[in-house]
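Position one of the sequence shown corresponds to residue 48 (the numbering used here), numbered consecutively onward.
Virtual Cβ for every residue (Gly too), placed ideally from N, Cα, C.
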Amino acid sequence: MRLAPHILVQLAAGGSLGLLAGAFFFQHVMGLAPCEMCIWQRWPHAAAIALGIAALAVPSLLRPAAALGALAMAVSAGLALLHTGVERKWWEGITECSVGQGNGLSADDLLAEILAAPVVRCDEVAWELLGLSMASWNGIISLALLACWALALRR
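Right, here's the structure in full:
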(Lines of atoms letter the chains of each structure in order from A and count residues from 1; the text may use other names and numbers.)
(Lines give C-alpha, C1' and ligand atoms only; values in the text may rest on other atoms or scores of the structure.)
Protein backbone atom coordinates (compact mmCIF):
# COMPACT_ATOMS: atom_id res chain seq x y z
CA MET A 1 0.00 0.00 0.00
CA ARG A 2 1.35 3.38 -1.03
CA LEU A 3 0.57 6.23 1.38
CA ALA A 4 0.02 9.76 0.11
CA PRO A 5 2.62 12.37 1.15
CA HIS A 6 0.16 14.28 3.34
CA ILE A 7 -0.67 11.05 5.22
CA LEU A 8 3.05 10.39 5.76
CA VAL A 9 3.48 13.94 7.08
CA GLN A 10 0.55 13.40 9.46
CA LEU A 11 2.13 10.15 10.68
CA ALA A 12 5.54 11.76 11.15
CA ALA A 13 4.26 14.87 12.93
CA GLY A 14 1.86 12.74 14.97
CA GLY A 15 4.72 10.47 15.99
CA SER A 16 6.66 13.47 17.26
CA LEU A 17 3.57 14.68 19.10
CA GLY A 18 3.25 11.25 20.71
CA LEU A 19 6.89 11.25 21.79
CA LEU A 20 6.62 14.72 23.29
CA ALA A 21 3.41 13.76 25.06
CA GLY A 22 5.19 10.71 26.46
CA ALA A 23 8.12 12.82 27.64
CA PHE A 24 5.80 15.25 29.42
CA PHE A 25 3.85 12.32 30.91
CA PHE A 26 7.02 10.85 32.38
CA GLN A 27 8.06 14.27 33.66
CA HIS A 28 4.81 15.59 35.11
CA VAL A 29 2.87 12.42 35.98
CA MET A 30 5.61 9.90 36.75
CA GLY A 31 7.92 12.48 38.36
CA LEU A 32 10.99 11.74 36.22
CA ALA A 33 12.73 15.09 35.82
CA PRO A 34 14.57 15.36 32.48
CA CYS A 35 18.29 15.93 32.24
CA GLU A 36 19.76 18.60 29.97
CA MET A 37 20.24 16.15 27.09
CA CYS A 38 16.63 14.98 27.42
CA ILE A 39 15.49 18.57 26.93
CA TRP A 40 17.68 18.88 23.83
CA GLN A 41 15.91 15.87 22.31
CA ARG A 42 12.51 17.53 22.64
CA TRP A 43 13.28 20.46 20.32
CA PRO A 44 13.50 18.54 17.02
CA HIS A 45 10.13 16.94 17.77
CA ALA A 46 8.58 20.34 18.48
CA ALA A 47 9.98 21.56 15.14
CA ALA A 48 8.59 18.48 13.37
CA ILE A 49 5.13 19.11 14.80
CA ALA A 50 5.21 22.73 13.61
CA LEU A 51 6.42 21.61 10.17
CA GLY A 52 3.64 19.06 9.96
CA ILE A 53 1.01 21.66 10.82
CA ALA A 54 2.48 24.09 8.28
CA ALA A 55 2.57 21.46 5.54
CA LEU A 56 -1.02 20.44 6.15
CA ALA A 57 -2.27 24.05 6.37
CA VAL A 58 -0.39 25.18 3.24
CA PRO A 59 -0.04 22.25 0.81
CA SER A 60 2.63 24.04 -1.25
CA LEU A 61 4.92 23.78 1.81
CA LEU A 62 4.74 19.98 1.89
CA ARG A 63 8.06 19.32 0.11
CA PRO A 64 10.16 21.87 2.03
CA ALA A 65 8.48 20.83 5.29
CA ALA A 66 9.21 17.19 4.53
CA ALA A 67 12.88 18.00 3.92
CA LEU A 68 13.14 19.99 7.13
CA GLY A 69 11.16 17.34 9.03
CA ALA A 70 13.62 14.69 7.87
CA LEU A 71 16.48 16.92 9.00
CA ALA A 72 14.82 17.45 12.39
CA MET A 73 14.48 13.69 12.89
CA ALA A 74 18.10 13.15 11.85
CA VAL A 75 19.09 15.67 14.53
CA SER A 76 16.82 13.93 17.03
CA ALA A 77 18.34 10.54 16.25
CA GLY A 78 21.84 12.01 16.55
CA LEU A 79 21.08 13.58 19.93
CA ALA A 80 19.54 10.30 21.08
CA LEU A 81 22.67 8.40 20.03
CA LEU A 82 24.84 10.95 21.84
CA HIS A 83 22.71 10.61 24.99
CA THR A 84 22.63 6.82 24.78
CA GLY A 85 26.42 6.78 24.53
CA VAL A 86 26.68 8.95 27.63
CA GLU A 87 24.25 6.69 29.51
CA ARG A 88 26.19 3.58 28.48
CA LYS A 89 29.51 5.24 29.38
CA TRP A 90 30.77 4.93 25.78
CA TRP A 91 31.86 8.57 25.97
CA GLU A 92 31.69 11.45 28.41
CA GLY A 93 28.71 13.77 28.41
CA ILE A 94 28.00 17.26 29.64
CA THR A 95 28.52 18.31 33.23
CA GLU A 96 25.33 20.36 33.67
CA CYS A 97 22.19 19.39 35.53
CA SER A 98 18.60 20.57 35.16
CA VAL A 99 17.24 23.24 37.50
CA GLY A 100 14.26 25.58 37.48
CA GLN A 101 14.10 28.86 35.58
CA GLY A 102 13.90 31.17 38.59
CA ASN A 103 11.87 33.82 36.75
CA GLY A 104 10.95 36.73 38.97
CA LEU A 105 12.41 35.22 42.14
CA SER A 106 14.46 37.01 44.75
CA ALA A 107 18.05 35.87 45.26
CA ASP A 108 17.04 33.92 48.38
CA ASP A 109 14.10 32.27 46.63
CA LEU A 110 16.27 31.42 43.63
CA LEU A 111 18.91 29.84 45.88
CA ALA A 112 16.21 27.85 47.68
CA GLU A 113 14.85 26.63 44.33
CA ILE A 114 18.32 25.61 43.14
CA LEU A 115 19.05 23.75 46.38
CA ALA A 116 15.66 21.99 46.27
CA ALA A 117 15.94 21.01 42.59
CA PRO A 118 16.64 17.38 41.87
CA VAL A 119 20.06 16.68 40.41
CA VAL A 120 19.40 14.96 37.11
CA ARG A 121 22.44 13.32 35.61
CA CYS A 122 22.66 12.67 31.89
CA ASP A 123 24.81 9.58 32.40
CA GLU A 124 22.21 7.67 34.42
CA VAL A 125 19.26 5.80 32.93
CA ALA A 126 16.08 6.98 34.67
CA TRP A 127 13.76 4.45 32.96
CA GLU A 128 14.15 1.64 30.50
CA LEU A 129 12.06 -0.87 28.58
CA LEU A 130 13.51 -4.09 27.14
CA GLY A 131 16.98 -2.93 28.16
CA LEU A 132 16.75 0.35 26.24
CA SER A 133 16.56 3.79 27.81
CA MET A 134 14.16 6.55 26.82
CA ALA A 135 17.00 8.13 24.82
CA SER A 136 17.55 4.87 22.94
CA TRP A 137 13.83 4.51 22.20
CA ASN A 138 13.73 8.12 21.04
CA GLY A 139 16.55 7.35 18.61
CA ILE A 140 14.84 4.29 17.20
CA ILE A 141 11.48 6.02 16.81
CA SER A 142 13.15 9.13 15.38
CA LEU A 143 14.71 6.99 12.64
CA ALA A 144 11.27 5.57 11.81
CA LEU A 145 9.85 9.11 11.68
CA LEU A 146 12.79 10.16 9.50
CA ALA A 147 11.72 7.43 7.07
CA CYS A 148 8.17 8.84 7.01
CA TRP A 149 9.42 12.35 6.27
CA ALA A 150 11.80 11.03 3.58
CA LEU A 151 9.05 9.03 1.90
CA ALA A 152 6.79 12.09 1.92
CA LEU A 153 9.59 14.05 0.28
CA ARG A 154 10.09 11.44 -2.45
CA ARG A 155 6.40 11.23 -3.45
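Is it buried or exposed for residue i, if we count other Cβ within 10 angstroms and need 16 for buried?
{"i": "M77", "result": "exposed"}
{"i": "P111", "result": "exposed"}
{"i": "A104", "result": "exposed"}
{"i": "E134", "result": "buried"}
{"i": "L158", "result": "exposed"}
{"i": "A95", "result": "buried"}
Pick from the options: whose alpha carbon is nearest that of residue i?
{"i": "P52", "options": "P106, G65, A94 and P81", "result": "P106"}
{"i": "P81", "options": "E139, H130 and L177", "result": "H130"}
{"i": "I86", "options": "G69, A59 and L58", "result": "G69"}
{"i": "M84", "options": "L103, G132 and G178", "result": "G132"}
{"i": "L190", "options": "D155, A117, A154 and W138", "result": "A117"}
{"i": "G125", "options": "G186, L198 and R49", "result": "G186"}
{"i": "L67", "options": "A102, A97, R201 and A154", "result": "A97"}
Which residue marks the beginning of the alpha helix (DSSP H) containing residue i, and which one marks its end?
{"i": "C85", "result": "E83 to A104"}
{"i": "E134", "result": "L109 to E134"}
{"i": "A204", "result": "In this structure the chain extends from 48 to 202, so residue 204 is not present and cannot be described."}
Measure how close the beta-carbons of residue i and residue j come, nearest whole angstrom, since I'm counting them as under 8 Å.
{"i": "L193", "j": "S63", "result": "11 Å between Cβ atoms; not a contact."}
{"i": "V122", "j": "P91", "result": "5 Å"}
{"i": "Q88", "j": "A127", "result": "6 Å"}
{"i": "L200", "j": "A113", "result": "4 Å"}
Tell me, please, whether the CB atom of residue i is closer than 8 Å to any CB atom in chain B?
{"i": "L55", "result": "In summary, chain B is missing from the structure at hand, where a single protein chain is found."}
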